[in-house]
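Going by our numbering, the first residue of the sequence shown is number 3, and it counts up by one from there. Backbone N, C-alpha and C define an ideal beta-carbon position, used for all residues, glycine too.
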Amino acid sequence: MAFSVDGETKFTGSQNKYTSSSVQMSCTDKDIDGSYYYGKVYAIDGNSDPVDVSHGYEYYYDVNETHNMLNWVNDEGYTHATIRCEAYSVDDYHGAWFGGYWYPDI
Numbered sequence: 003m004a005f006s007v008d009g010e011t012k013f014t015g016s017q018n019k020y021t022s023s024s025v026q027m028s029c030t031d032k033d034i035d036g037s038y039y040y041g042k043v044y045a046i047d048g049n050s051d052p053v054d055v056s057h058g059y060e061y062y063y064d065v066n067e068t069h070n071m072l073n074w075v076n077d078e079g080y081t082h083a084t085i086r087c088e089a090y091s092v093d094d095y096h097g098a099w100f101g102g103y104w105y106p107d108i
């Protein structure tokens, strides 16, 4: 699934997660040189709220970065995943845009 996030801290859309495998994410584009972000796997609970299931694992992303992200979505009884993207070195006025792809089951 393609993702596009703009700003300091944003979530991707959520997707069904069927297995206890890693979540794969690839950053393919950005619009501000020097900016980057950290990604963490979250689950979506019954109230559509994000729940941190990363157990502290977070992953650095810049253009052309791909990671298989550890997570405990299924292990903790959830069925949907999302990625929390926290951007750094962003422009105060324009923010920073990042785009790419992520896959809940690899």
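Requested in this report: Whole angstroms is fine: what's the gap from M71's alpha carbon to D35's?
Outcome: For the purposes of this step, residue 71 is identified with residue 69 of the sequence shown, where counting begins at 1. For the purposes of this step, residue 35 is identified with residue 33 of the sequence shown, where counting begins at 1. Taking the straight line from one Cα to the other gives about 25 Å.
**Report entry** Touch test, the region 59 to 79 against the region 8 to 26, Cβ-Cβ under 8 Å, three pairs minimum
**Finding:** yes
Query raised in the report: In angstroms, rounded to a whole number, what distance separates the CA positions of G109 and V55?
Result: Nothing about residue 109 can be read from this structure; the chain reaches only from 3 to 108.
Report task. Please report how far the alpha carbon of Y80 lies from the alpha carbon of D107, in whole angstroms. Result -> Reading the sequence shown from its first residue, position 78 is the one you call residue 80. Reading the sequence shown from its first residue, position 105 is the one you call residue 107. If I take the Cα positions, the gap works out to 14 Å.
Report task. Whole angstroms is fine: what's the gap from Y90's alpha carbon to P52's? Result -> One-based indexing of the sequence shown puts residue 90 at position 88. One-based indexing of the sequence shown puts residue 52 at position 50. Straight-line Cα distance between these residues: approximately 21 Å.
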